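Below you'll find the structure, written out as structure tokens, and then a few comments.
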Ligand SMILES: NC(=O)c1ccc[n+]([C@@H]2O[C@H](COP(=O)([O-])OP(=O)(O)OC[C@H]3O[C@@H](n4cnc5c(N)ncnc54)[C@H](O)[C@@H]3O)[C@@H](O)[C@H]2O)c1
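Residue numbers (the numbering used here): 322 to 639.
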């Protein structure tokens, strides 16, 4: 029992590229974990990241960062997977699937062999299909495998209206559900500020809220990754912050509602697929998926997203 109490909190990060290294940095700054293990096929790059991160420790929170192999996933509360090929300009997330699926076939069994009791959080794209693949390959209970899913898209779907409405994005309550990708679904029917639906809020604020305004907000949300990749080649700050938020909810047993990707069972008739819905996250991982009252268009969009993801999963052999 005392071993349990005194065990340092370890987080393993597989893939120390843009997303993995940025997440490791934000995790170190947060002080949430005392041990951060970086695992990467490019050992030299991971070593450089670990050295750089360790040199920040005297100036910030205590913590230890080192480069390990899969054996050092042992005892990690959460293993975050960001390894894989990055999206190229003009390439859709789904195009990446077969390149990354092969990497996962190698990687996931090694993680689970060394850490059968931890939670696995996937961020590699296409995140929904690879989270499903991770669940299948790992044999872990469904609660302990999740994907970052639309946590990033949902953050963007709070930021974009905040700019239009002139309020703090944290005061915008709106969700993107379904695929993290082109078929994602905006839940307009429940989007609100202080409990006021967007059209009511706009009327009070005297700002436009017609179909055109709303379409533009969604397009900016859906296409944000393409816009950023065109300018700087990759996206990593916002997604790393999203991963940190999920890890925080797990490590601190917060019961936070976040839009993450997990196994869907009998949700408007949708089953056997990973996609994002508002989900309660605590130390067990996925505590529960919230059953939203969606309108018909939203349900139809969610079904399309599910069909597309299930088809791709099957094509890849999952
Ligand atoms: N889910 C999201 O919201 C979101 C957002 C941005 C990026 N991403 C995805 O995250 C992934 C990583 O993006 P990035 O910009 O960090 O890419 P990156 O190329 O900078 O980093 C990927 C890292 O994975 C490592 N790697 C490759 N194969 C490996 C293997 N077999 N074992 C261990 N390590 C391996 C590489 O050496 C590299 O360091 C991509 O799939 C990208 O599309 C997801």
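Beta carbons are placed, not taken as given, at the ideal position from N, Cα and C, and that holds for glycine.
Predicted, not measured: the structure shown is a model, and the values here were computed from it.
Can you tell which of the options has its C-alpha closest to the C-alpha of residue i?
i, options, result
"residue 430", "373, 413, 400", "400"
"residue 484", "437, 372, 364, 537", "537"
"residue 381", "540, 534, 354", "354"
"residue 384", "393, 390, 358", "358"
"residue 327", "356, 402, 333", "356"
"residue 611", "529, 581, 627, 634", "581"
"residue 457", "473, 583, 523, 395", "583"
So residue i is in the alpha helix (DSSP H); what residue range does that whole segment cover?
i, result
"residue 448", "448 to 459"
"residue 574", "Where residue 574 is concerned, there is no enclosing alpha helix (DSSP H), given that its DSSP letter is neither H nor E."
"residue 491", "Per DSSP, residue 491 belongs to no alpha helix (DSSP H) and is neither H nor E."
"residue 340", "339 to 351"
"residue 429", "418 to 435"
"residue 551", "545 to 553"
"residue 395", "Counting along the chain, residue 395 falls outside any alpha helix (DSSP H), and DSSP gives it neither H nor E."
Report whether the distance from the Cβ of residue i to the nearest heavy atom of ligand 1 is below 7 Å.
i, result
"residue 435", "no"
"residue 557", "yes"
"residue 501", "yes"
"residue 610", "no"
"residue 560", "yes"
"residue 444", "yes"
"residue 361", "yes"
"residue 648", "The question about residue 648 has no answer here: the residues shown for the chain are numbered 322 through 639."
"residue 469", "yes"
"residue 369", "no"
"residue 473", "yes"
Could you tell me the boundaries of the beta strand (DSSP E) in which residue i lies?
i, result
"residue 634", "Segment 617 to 636 is the alpha helix (DSSP H) holding residue 634; no beta strand (DSSP E) there."
"residue 608", "606 to 610"
"residue 468", "466 to 468"
"residue 400", "399 to 402"
"residue 528", "No beta strand (DSSP E) contains residue 528, which DSSP labels as neither H nor E."
"residue 356", "356 to 360"
"residue 385", "385 to 388"
"residue 442", "440 to 443"
"residue 512", "Careful: residue 512 lies outside any beta strand (DSSP E) and carries neither H nor E."
"residue 331", "331 to 335"
Going by the DSSP bridge assignment, what does residue i pair with across the sheet?
i, result
"residue 584", "595"
"residue 497", "507"
"residue 579", "600"
Output yes if chain D places a C-beta closer than 8 Å to the C-beta of residue i; else output no.
i, result
"residue 462", "Included in the structure is just one protein chain, with no chain D present."
Segment contact, 8 Å Cβ cut-off, at least three pairs: the stretch 600 to 610 with the stretch 561 to 581:
The stretch 600 to 610 is in contact with the stretch 561 to 581.
Are the stretch 558 to 571 and the stretch 335 to 353 in contact at 8 Å, needing three or more beta carbon pairs?
Counting Cβ pairs under 8 Å, three or more are found: they touch.
Is the stretch 467 to 483 touching the stretch 498 to 509, taking contact as three or more C-beta pairs under 8 Å?
yes
Using a Cβ distance threshold of 8 Å, determine whether the stretch 440 to 455 contacts the stretch 417 to 432, with at least three qualifying pairs required.
Yes, they touch.
With contact counted as at least three CB pairs below 8 Å, one residue from each stretch, are the stretch 359 to 379 and the stretch 330 to 342 in contact?
yes
Three CB pairs or more closer than 8 Å across the stretch 581 to 598 and the stretch 626 to 634
yes
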